[in-house]
Amino acid sequence: MKPKTTVLDEAAIRRALTRISHEIIEKNKGVEDVILVGIKTRGVPLAARLQKRINDIEGVTLPSGELDITLYRDDLTTKTNQKEPELKETNIETNIDGKKVVLVDDVLYTGRTVRAAMDALIDHGRPSQIQLAVLVDRGHRELPIRADYVGKNVPTSLDEIVTVTVSETDKQDEVVIFEKNE
Numbered sequence: 161m162k163p164k165t166t167v168l169d170e171a172a173i174r175r176a177l178t179r180i181s182h183e184i185i186e187k188n189k190g191v192e193d194v195i196l197v198g199i200k201t202r203g204v205p206l207a208a209r210l211q212k213r214i215n216d217i218e219g220v221t222l223p224s225g226e227l228d229i230t231l232y233r234d235d236l237t238t239k240t241n242q243k244e245p246e247l248k249e250t251n252i253e254t255n256i257d258g259k260k261v262v263l264v265d266d267v268l269y270t271g272r273t274v275r276a277a278m279d280a281l282i283d284h285g286r287p288s289q290i291q292l293a294v295l296v297d298r299g300h301r302e303l304p305i306r307a308d309y310v311g312k313n314v315p316t317s318l319d320e321i322v323t324v325t326v327s328e329t330d331k332q333d334e335v336v337i338f339e340k341n342e
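Residue numbers for the sequence shown follow this note's numbering, beginning at 161 and rising by one.
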């Protein structure tokens, strides 16, 4: 794959997450009963960053959690070339019943990851609302799912791949579009 363009650099990611934090506070008229849940892998550090920014703004540390959707995927056999999927830990220590849960992910594409995340989340309780925050919305939805909070809309072709790297796992913050090799 060859890089086509950098869509967001470190500063742009920081600004997008700050804006999303303000939007979450505004839409929910504060942060009472709001819980942030990051979808593994890169949604987790993004949720932690949102948690910190909201704390800086409101002076409240929101409860947060981590969600592994591996067993809820509808493409498990085609997505991984493994016989046994690699499971990561789900960690939601707060009771989500009656709460407003903001799912956080890096890229919204077909909507299938979010559908799997909603299924996994509902196995943990019955939130009053599920909202979605994504750093990048690249379009090409296969399911009727939309994000409530978007860092950047990036129209893409099906021949492109959007890659998000975050310093917590990848040593660098960046969103890059790559062209698929023929």
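From the three backbone atoms N, C-alpha and C, an ideal C-beta is built for every residue, glycine too.
Here the structure is a predicted model, which is why all the values come from computation and not from measurement.
Contact check for Ala277 against Ile199 passes: the beta carbons are separated by less than 8 Å.
When rounded, the separation of the alpha-carbon atoms in Arg272 and Thr325 is 21 Å. The Cβ atoms of Met161 and Lys331 lie no closer than 8 Å to each other. Short of 6 Å from the beta carbon of Asp193, and not among the five residues preceding or following it, lie these beta carbons of its own chain, in chain order: Lys259 and Lys260. Secondary structure note for Thr178: it is in no beta strand (DSSP E), and the uninterrupted alpha helix (DSSP H) holding it is Glu170 to Lys187. Residue pairing of Lys312 in beta bridges, as defined by DSSP: Val296. Measuring C-alpha to C-alpha distances from Gln211 to each of Asp297, Ala172, Thr230 and Leu263 identifies Leu263 as the nearest. Leu222 carries a coil assignment under DSSP once its states are collapsed to helix, strand and coil. Contact annotation: Leu227 and Ala307 have beta-carbon atoms that are not nearer than 8 Å. Note: Pro304 is not bridge-paired with any residue in the DSSP secondary-structure output.
Ile252: not part of any beta strand (DSSP E); DSSP gives it neither H nor E.
One Cα belongs to Glu302, the other to Gly190, and the distance between them is close to 33 Å.
Closest in alpha carbon position to Asp257, among Val220, Thr178 and Asp283, is Asp283. DSSP places Pro205 within a helical segment (H, G or I) once states are collapsed to three. Comparing alpha-carbon positions, the option among Tyr309, Val296 and Leu318 lying closest to Val336 turns out to be Val296. Taken atom to atom, the span from the alpha-carbon of Thr329 to that of Ile180 is near 21 Å. Our two residues, Val167 and Thr178, have alpha carbons roughly 17 Å apart in a direct line.
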